[in-house]
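Chains as they are written, first to last, in my numbering: chain Z, 297 to 495; chain S, 3 to 330.
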Amino acid sequence: MIARPEETVRDEAELIRAAQRADHDAFERLVCLYDRSVLSVALHLLRSEEDARDAYQEAFLRAYRGIQGFRFQCSFHTWLYRITTNVCLDHLRKKKIRRECASRQEGTGDGPALLEQVPDHRAGSNPERVLSGRQASQSIQLALEGLSPSERMVFQYRHYEGLRLRAIGKILSMSEAAAKNCLFRAHRKMRASLKDVPR
Amino acid sequence: MSCEKIQSNIGLYLYGELSADETEAVEAHAEHCAVCGRAIAEERRFFALLNEAPRPEASDELLAECRDRLMRSVDRGEVALSASSFFPLKNWRVSLRAYLSPARAWRPAAALAVLALAFVAGRSTTPDASRFRPPGFAAGDIEPGAGLPAKATVAGIQSIEADPERDNVEIIIEETTRRTLSGRARDPMIRNLLLSAMRSAPSSGMRLATLDILTRSSGGHDGLADRDVRRIVAESMLGDANPGVRLLAIDALKSHSSDPEVRRSLVEVVRHDLNPGMRVQAIDLLTQQPDRDLAGVLQELVERDTNRYVRLRSRRTLEELNASVERF
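What follows is the structure in structure tokens.
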């Protein structure tokens, strides 16, 4: 009986190695494993669906082109996060989002800020709370604009994505101590910006 | 631990970034120090304020759109892992079904479509498919059905959405105004549009999804029982530029591999398809029911196929048929 090629259960390392051998299917499976997370991170960092779409595309195309250089020195998740972060940083610098968002907040922009369009699905939300949440959101958005790109990345990854500082350091190619200092500075600035917002 | 050190580390404490010893020291200190206790409470309120900002989440539709755009870029060769345009596809069957599976790729919202695709109007043919068109069936045209104008073209299709749970397909056609057509996949009008999309959709993602809809069995109805559908699927198996589409097509035709037209198409695959995965699948299907008419093809494969499995399988089948392995 001739042995025919059998499907085997692949762990992630096998998928990566297969993708490095130009296995298109393996790369697609890797995309499916992580792309929701990549898109969510891009959406949260860039606060724009259009920019998040572009960042998603660019991040995965960079991963596709660069996967043969992946050396398993960190997790694939970390590697992809790093690519996504760099793509988002590039977007932030190019589009000068701080100035655009600030002008939107002042009412001179073309449309409502993304956060105002995000529905509040939390259980028990009521109109008053939703309104109060939106006002807090606008203040938080402004406060985030006051951070440097690195501080913003560290803060958002720690507070909203829940990543450990050590992992954040690897993603942003900085030491854990440096990430910690970024976080301290970010907190100090955010606290100062939000001191008048009712809690 | 001093108050100064405690208060400088409150944020790290709330994030769980401190070691077990440090955490215990902070908690023990805060129990007896009102100042630090208040500082921790204040920091908790600050965190709660930060959490009031709703976190934008990626919708299923946005994710589907991004995936489709990425696949189209890869299909168009905007980026390549290697110089070859044929990637060996392993686990393709599971991967493609999983890719299209609502449970995995797109979490269905209540009663809404689980698969959303779109392609740009304007393109009406794919060069490879044109060789295998049945006579009398022009590229991009579909037979008129109830409620359609004399000729509705694929170029007008804006999107196709399928809801497997409700056995419903919704197709949006752009004419002078946007139209939405919906119905079951086996309704003649929907079926004709889907067949046209199989030939002419520029996006392989669209063709994959359409193929999945056409060949899916539901309510006891076998999508491939329809001869026209089988013919289009065979055309895709032979001529689609995307190997993933061709592999899905051959997988769909497995249950009809004894059909004479399908067998003729499988012979063409095993002779001409450059993808070894395709030739392996085809030879397996053909040799499940070997007949002596296959002998000439099998001898050819033994002699010249580059894939070892195909050569061995062909040789073994010739031996079972008591036919010569060599050509004269």
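In this text, a Cβ means the ideal position worked out from N, Cα and C, and glycines have one as well.
Residues that residue i bridges to, as DSSP identifies them
i               : result
arginine 172(S) : Rather than arginine, the amino acid found at residue 172(S) in this sequence is glutamate. Glutamate 172(S) pairs with Glu163(S) and Ser184(S).
Chain-ordered neighbours of residue i on chain S, where CB pairs are closer than 7 Å
i               : result
serine 336(Z)   : Glu59 and Ala60
valine 506(Z)   : Residue 506(Z) is absent from the structure shown; chain Z starts at 297 and stops at 495.
leucine 339(Z)  : Pro58 and Ala60
arginine 487(Z) : Phe48
leucine 376(Z)  : Residues of chain S passing the Cβ test: none, with the nearest at roughly 13 Å.
leucine 490(Z)  : Leu51
Proximity winner among the options, relative to residue i (alpha-carbon distances)
i                 : options                                       : result
tyrosine 201(S)   : Ala251(S), Leu300(S), Arg71(S) and Lys256(S)  : Residue identity differs from the one stated: residue 201(S) is arginine in this sequence, not tyrosine. Of the candidates Ala251(S), Leu300(S), Arg71(S) and Lys256(S), the one whose C-alpha sits nearest the C-alpha of arginine 201(S) is Ala251(S).
glutamate 33(S)   : Met3(S), Ser260(S), Leu52(S) and Asn244(S)    : Met3(S)
serine 333(Z)     : Arg378(Z), His320(Z), Lys466(Z) and Arg462(Z) : Arg378(Z)
threonine 217(S)  : Pro204(S), Met208(S), Val231(S) and Ser206(S) : Val231(S)
tyrosine 456(Z)   : Asp228(S), Asn53(S) and Met73(S)              : Asn53(S)
aspartate 331(S)  : Tyr352(Z), Leu479(Z) and Gln364(Z)            : Look at the range of chain S in this structure, 3 to 330, and you will see that residue 331(S) is not part of it.
alanine 297(S)    : Val271(S), Arg318(S) and Thr308(S)            : Arg318(S)
isoleucine 192(S) : Gly225(S), Glu328(S), Val272(S) and Ile12(S)  : Gly225(S)
leucine 287(S)    : Ser259(S), Tyr311(S) and Glu263(S)            : Ser259(S)
arginine 229(S)   : Val264(S), Arg248(S), Ala243(S) and Thr212(S) : Val264(S)
arginine 6(S)     : Cys35(S), Cys68(S), Leu16(S) and Tyr17(S)     : It should be noted that the sequence gives glutamate, not arginine, for residue 6(S). Closest by alpha carbon: Cys35(S).
alanine 236(S)    : Leu14(S), Glu67(S), Glu270(S) and Leu276(S)   : Glu270(S)
alanine 309(Z)    : His340(Z), Met486(Z), Leu326(Z) and Asp321(Z) : Leu326(Z)
alanine 187(S)    : Leu300(S), Val272(S) and Ile162(S)            : Ile162(S)
alanine 473(Z)    : Arg460(Z), Arg389(Z) and Tyr360(Z)            : Arg460(Z)
arginine 358(Z)   : Cys370(Z), Asn382(Z), Asp347(Z) and Ala338(Z) : Asn382(Z)
Residues that residue i contacts on chain Z, provided the C-beta gap is smaller than 8 Å
i               : result
cysteine 334(S) : Given that chain S is displayed from residue 3 to residue 330, the structure contains no residue 334(S) and the question cannot be resolved.
glycine 13(S)   : Leu479, Phe480 and His483
valine 271(S)   : What valine 271(S) touches in chain Z: nothing, since even the nearest Cβ is about 17 Å away.
leucine 65(S)   : Asp331, Arg332 and Leu335
serine 75(S)    : Gln353 and Leu357
Chain-ordered chain S contacts of residue i [CB-CB under 8 Å]
i               : result
valine 327(Z)   : Arg69 and Leu72
arginine 389(Z) : Those do not exist, as arginine 389(Z) stays about 21 Å from chain S at its closest Cβ, beyond 8 Å.
arginine 343(Z) : Pro58
Cutoff 8 Å: residue i Cβ touching any chain A Cβ
i             : result
serine 316(S) : No chain A is part of this structure, whose protein chains are labelled Z and S.
(request) Compile a chain-ordered list of the residues in the region 432-460 of chain Z whose CB is closer than 8 Å to at least one CB of chain S. (result) Ala432, Ser433, Ile436, Gln437, Arg454, His455, Tyr456 and Arg460
(request) Name, going along the chain, the residues of the region 345-360 of chain Z whose beta-carbon falls closer than 7 Å to a beta-carbon of chain S. (result) Per Cβ criterion, the list reads Glu345, Arg349, Tyr352, Gln353, Phe356, Leu357 and Tyr360.
(request) With a floor of 4 residues, list each alpha helix (DSSP H) that falls wholly inside the region 272-313 of chain S, ordered by position along the chain. (result) Fully enclosed alpha helix (DSSP H) runs of 4 or longer: 278-290 and 297-306.
(request) Just list the alpha helix (DSSP H) runs in the region 439-477 of chain Z, keeping only unbroken ones of 4 residues or longer that don't cross its boundaries, in chain order. (result) 445-451 and 461-467
(message) Counting only Cβ-Cβ distances shorter than 9 Å, please list the residues of the region 218-242 of chain S near chain Z, keeping chain order.
(response) Those residues of the region 218-242 of chain S that come within reach of chain Z (Cβ to Cβ, closer than 9 Å) do not exist; the list is empty.
(message) Quick check for students: name the residue ranges of the alpha helix (DSSP H) that lie wholly in the region 31-75 of chain S, counting only runs of 4 or more.
(response) 36-52
(message) Using a Cβ-Cβ cutoff of 9 Å, what residues of the region 10-34 of chain S are near chain Z? List them in chain order.
(response) Ser10, Gly13, Leu14, Tyr17, Gly18 and Glu19
(request) With 8 Å as the C-beta to C-beta threshold (strictly closer), list the residues of the region 297-313 of chain S near chain Z in chain order. (result) Tyr311
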